[in-house]
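Comments concern the structure below.
Numbering (my numbering), first residue to last: 900 to 1257.
The structure is reproduced here in C-alpha cells:
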C-alpha cells in the first residue's frame, strides 16, 4: 500500500521497488548508517555485525531455494563450507586473488548444489529434506578426509583445516574489523538487490508457481526440472558467497564449522524471519544473533546460580532456547517476523480507521 497521492501512470513505475522520494531518502540514510557504523563501533560489535551480514547472505540463498521454490533444504551450511574451502585452497595453496575467488566460491557451491539437486528432482517434503541432510554429511566427511602436504611439508586440510591469507584491494589491507565489515555490508546489499529483483522476474514467478502447485505449474508449460535445478544453483551460489565472507572473517576454516546443527539454525532463522520475503532474511539473522548474544550473557549467571548444572547448561541452554523459539513461531506465527512487520505497517497507515483492517 502506497501513501495517499502516489499514483502509478506506467508499467515501469508500477514495477519499481523504491517508488517515492521519502523511500529513496530512507534507503540512502539507511545505507549510509550501515557503513558509518564502522567509524565508531568497537571491534566486538563489528565482528558481531559482520556475522549477521554473513547470515543474511546465506539465508537469502535459502529463501530463494525454500521460500520461493519450495525445495526444503537442511544441509545448507555444508554448501557454505564448500565456498569457504574453495577460497582457502585457491588463495593459500594456488596464490589466486581473493576477489577472483568470490565468484569462484559461489560457482563451486552452485555446481555442488546441482550435483546433489539432481537426485532430489522427484523428491518432495520430508524425503527431500532427508536427501539434503545426506548432502551435509557427505560434504563434511569429504572435508574431514581431504588433506595433503603443502610446500613446507606441513599437513593441511582434514580436521586440521586451512588458513586464509589476508584480503587486499589495490595494496590496501581489508582485514581490519572496520574494513571487512564494509566489505560484508557491500556484498550483503548486492545479494539483497539481486534476490529482491529475482522475485519479480519470470524465473521468480516460476519458482513461486512451483512452490504453490507443481502440477499446475507443469500444466502451464513450466519445466520443473530446469527451474528446480536453477533454484538449487542460485541458492547454493549464495551459500558459496557467504562461505567466502566466512573464510575471510575468521581467517581459517575446518569441518567443525559446518555441522548439521548450523544448517538447522539457518532454517530456523528463515522460519523466524519469514519465508518468501527478502526482508525476512534480515529479521531472522538479526533476531537469532540477538538471542545468541542474550544467551551468552545470561549463561554465566545461570552457571553461578546452579553450579551443579553448569555442564548441562553450557551444552543444552542454546539448543533448548533456540528450539523453543522456533516451535513458538511455527505454532503462533508461521509467517514469521516479516508478517508482524507488515501488520504493523498496515496499522500505522490506516490509523485511526481500524475497521479498514478487517
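Note that beta-carbon positions come from the ideal geometry of N, C-alpha and C, so glycine has one too.
Three or more beta-carbon pairs separated by less than 8 Å are not found between the region 1108-1122 and the region 973-991, which leaves the two stretches without contact. Residue 916 sits in coil when the DSSP states are folded into three classes, being neither helix nor strand. Taking all protein chains shown into account, residue 1164 has 16 or more neighbouring C-beta atoms within 10 Å of its C-beta and is therefore buried. Here DSSP, grouped into helix, strand and coil, assigns residue 1075 to coil. If you compare the alpha carbons of 1230, 1236, 1194 and 976 with that of residue 1039, the shortest gap goes to 976.
DSSP places residue 1196 inside the alpha helix (DSSP H), whose first and last residues are 1177-1204. Take residue 956, set aside five residues on each side of it, and the residues of its chain with a beta-carbon closer than 7 Å to its own are 1086, 1087, 1090, 1137, 1140, 1141 and 1144, in chain order.
Between residue 946 and residue 1076 the beta-carbon gap is near 6 Å, inside 8 Å, which marks them as a contact. If the five residues before and after residue 1217 are omitted, its C-beta is found closer than 6 Å to the C-beta atoms of 1194, all from its own chain and listed in chain order. For residue 1023, there is no enclosing alpha helix (DSSP H), as DSSP gives it neither H nor E. Cβ-Cβ distances below 8 Å link residue 1012 to 978, 1131, 1132, 1134, 1135, 1136 and 1138 in the same chain, with the five nearest sequence neighbours on each side left out; the list follows chain order. The Cβ atoms of residue 1184 and residue 984 do not sit closer than 7 Å to each other. In the structure shown, residue 1061 falls within a strand segment according to DSSP collapsed to helix, strand and coil. The C-alpha of residue 1057 lies about 29 Å from the C-alpha of residue 1191. Within a 10 Å sphere around the beta-carbon of residue 1207 sit fewer than 16 other beta-carbons, which makes this residue exposed.
Residue 1037 holds the alpha-carbon nearest to the alpha-carbon of residue 1014 among 1221, 995, 1245 and 1037. Here residue 1103 has 967 and 1097 as same chain residues with Cβ atoms under 7 Å from its own Cβ, once five neighbours each way along the sequence are excluded. The region 1108-1164 is shown to contain no whole beta strand (DSSP E) run of 3 or more residues.
If you draw a straight line from the Cα of residue 943 to the Cα of residue 1115, it comes to about 50 Å. With distances taken between CA atoms, residue 933 lies nearest to 1083 out of 1028, 1083, 1020 and 1202. As DSSP reads the structure, residue 1068 sits in a beta bridge with 1071.
C-alpha of residue 916 to C-alpha of residue 1241: approximately 16 Å in a straight line. Taking a contact as a CB-CB distance under 8 Å, the pair residue 1081 and residue 935 does not count as one, their CB atoms being some 10 Å apart.
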